[in-house]
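Numbering (the numbering used here), first residue to last: 19 to 326.
Backbone N, C-alpha and C fix where the C-beta goes; we use that ideal spot for every residue, glycine too.
Quantities reported herein were computed from a predicted structural model and do not represent experimental measurements.
To start, the structure itself, in structure tokens.
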């Protein structure tokens, strides 16, 4: 009786420690999620900037580019997005309908409908409109050598510039432990199943202690693997969504495994002589662990790994 009581005390201590660790790591996951949102916004902004630059290059630069000695309408800096954004007579950041540049494009005045570059299609007009609506942002650039007279105004140009390399957050190191941590719950929960099978076939009641020991470490490992997996997925740029895609299945089945494993340990502790319910639950969790490992393997080795 005392042995069983001590076993329950140890298991409860580990479970409480696991829950406390999950709570402490929730702030790290929240920070990592915020970092992912920021990264996605930066990627979207860079994509829009590239599209706007390409549109102005293809449609407008021949008449309004910096290489023209006498640009039309004395407007020769269409490729200098920052300068245009700082010219209220052309662009009002956040208000495309109040921006003369967009109105000229929208009414097919730039480029003219009869020119070889016009009129601008509606999808390109929408990109320019969205760019202005989002603040008419631009990337700083070095001034070109043939524009020394406008060096000060060209410092914010969107010419080719190497982006600044930002240092990865320290908590990403926790996520990189996922490939190591994930093997422990798989092995330990499978070992618990083998120990329970041995106990059933050989009528060895003493093996139940081995089952509990394996589940104790395996459930703690499953929670740790889930936490590190979330952080690692955020670093790798996987979207937080519920789909039938392999990364999503691996993520959410892993969460299910992290929740089911401690629950299975609790069922084991409550099972005395009748362990039929526990054995059914154990089989289900083993299947869940196998599915998580399977989809994780497909992410590493590819969808066609089992193809002959």
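Query	Result
What is the residue span of the alpha helix (DSSP H) that residue 95 lies within?	That residue, residue 95, is in no alpha helix (DSSP H); it is neither H nor E in DSSP.
Is it the case that the Cβ atoms of residue 237 and residue 279 are separated by a distance below 8 Å?	yes
Measuring alpha carbon to alpha carbon, tell me which of 263, 306, 126 and 288 ends up nearest residue 140.	126
Would you mind reading off the limits of the alpha helix (DSSP H) that contains residue 189?	Taken as a continuous stretch (DSSP letters only), residue 189 belongs to no alpha helix (DSSP H), as it is neither H nor E.
Measure from the alpha carbon of residue 273 to the alpha carbon of each residue in 89, 91, 241 and 103, then state which is nearest.	241
Which term fits residue 262, buried or exposed, when burial requires 16 or more other beta carbons within 10 angstroms of its beta carbon?	exposed
Please classify residue 292: does DSSP put it in a helix, a strand, or coil?	coil
Please state whether DSSP places residue 130 in a helix, a strand or coil.	strand
Can you check whether the CB of residue 304 is closer than 8 Å to the CB of residue 247?	no
Could you pull out every residue in the same chain whose Cβ sits closer than 7 Å to the Cβ of residue 268, ignoring the five residues on either side in sequence?	310, 313, 314 and 317
Taking the alpha helix (DSSP H) that residue 203 falls in, what are its first and last residues?	201-220
Identify which residue in 99, 100, 234 and 114 has its Cα closest to the Cα of residue 286.	234
Confirm, please, whether the CB-CB distance from residue 138 to residue 119 is below 8 Å.	no
Ends of the alpha helix (DSSP H) at residue 254?	226-254
Compute the Euclidean distance between the alpha carbons of residue 146 and residue 110, then round it to the nearest angstrom.	12 Å
Go through its chain and collect everything with a Cβ distance to residue 75's Cβ below 7 Å, but skip five positions before and after it.	97
Please classify residue 298: is it buried, with 16 or more other beta-carbons within 10 angstroms of its beta-carbon, or exposed?	exposed
Please identify the residue among 252, 197 and 70 whose C-alpha is closest to the C-alpha of residue 190.	252
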